[in-house]
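Data block below; observations after.
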Amino acid sequence: MADISTLINPPDEVEQKPIVVPKAVARAEKAVKKEKKEVKEETNDEFTNDTEDAKVSQDSILLSFEKIKTHFPAARIKKIMQLDEDIGKVAQATPVVVGRALEIFMANLVEAGIYEAKKAGVRRISAQHIRTAVENTEQFDFLVDVVSKYLSAKN
1 MADISTLINP
11 PDEVEQKPIV
21 VPKAVARAEK
31 AVKKEKKEVK
41 EETNDEFTND
51 TEDAKVSQDS
61 ILLSFEKIKT
71 HFPAARIKKI
81 MQLDEDIGKV
91 AQATPVVVGR
101 ALEIFMANLV
111 EAGIYEAKKA
121 GVRRISAQHI
131 RTAVENTEQF
141 DFLVDVVSKY
151 LSAKN
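Heads up: the sequence shown begins at 1 in UniProt numbering, then just goes up one per residue.
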């Protein structure tokens with residue numbers, strides 16, 4: 001009859017020491033896995049409703065807006081606003097609000113372009129994708145004349 005210790009710990013299974021991974025590496029791996037999971041979920045959410053003409057979810061716009069680290073200079077916006085002779089003095093908060101609105105608008109346009117690029121199976125956004133996003137999104141109808149000079153993706 002076999003010894004109890006050999007039954008519990010057979011000789012084939014040598015006790016292995018656990019692999020010690022530095023905390024920084026473990027955190028980085030967790031962050032990468034979490035980011036991949038979020039991207040996968042985001043991609044699945046975006047393509048479930050193909051009947052919606054290039055509509056980008058509000059959550060993805062807000063998420064991309066939160067990632068924006070740069071801001072438009074308020075002084076330059078104020079100068080542009082004052083180029084119009086009808087505009088006199090501008091309140092201090094006005095250029096900041098206009099800059100934020102511009103950032104949100106651009107984030108929305110880029111998100112729509114990303115959607116079109118992913119739909120086409122491309123990893124790089126081009127002017128054609130922005131044009132397609134403008135043509136397919138009712139919100140950007142005022143830009144149709146501006147983007148008409150670029151080649152369409154259909155050609």
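Where is the CB? At the ideal position from N, CA and C, for every residue including glycine.
DSSP three-state assignment for residue i, whether helix, strand or coil
| i | result |
| --- | --- |
| A74 | helix |
| Y150 | coil |
| K119 | helix |
| residue 178 | As shown, the chain starts at 1 and ends at 155. That puts residue 178 outside it, with no answer to give. |
| R124 | coil |
| L83 | coil |
| I68 | coil |
Selection from the options that minimises the alpha carbon distance to residue i
| i | options | result |
| --- | --- | --- |
| K118 | A101, T132 and S148 | T132 |
| E66 | Q82, F142, I80 and N108 | N108 |
| R100 | Q58, I68, T137 and L143 | I68 |
| residue 157 | V110, E138 and V90 | Because the chain in this structure spans residues 1 to 155, residue 157 falls outside the shown range and cannot be described. |
| A112 | F140, I80, K79 and V146 | F140 |
| S57 | M81, L102, T137 and V146 | T137 |
Assigned exposure category for residue i - 16 Cβ within 10 Å defines buried
| i | result |
| --- | --- |
| T70 | exposed |
| I80 | exposed |
The region 119-138 in contact with the region 74-93 per 3-pair CB rule at 8 Å: No, they do not touch.
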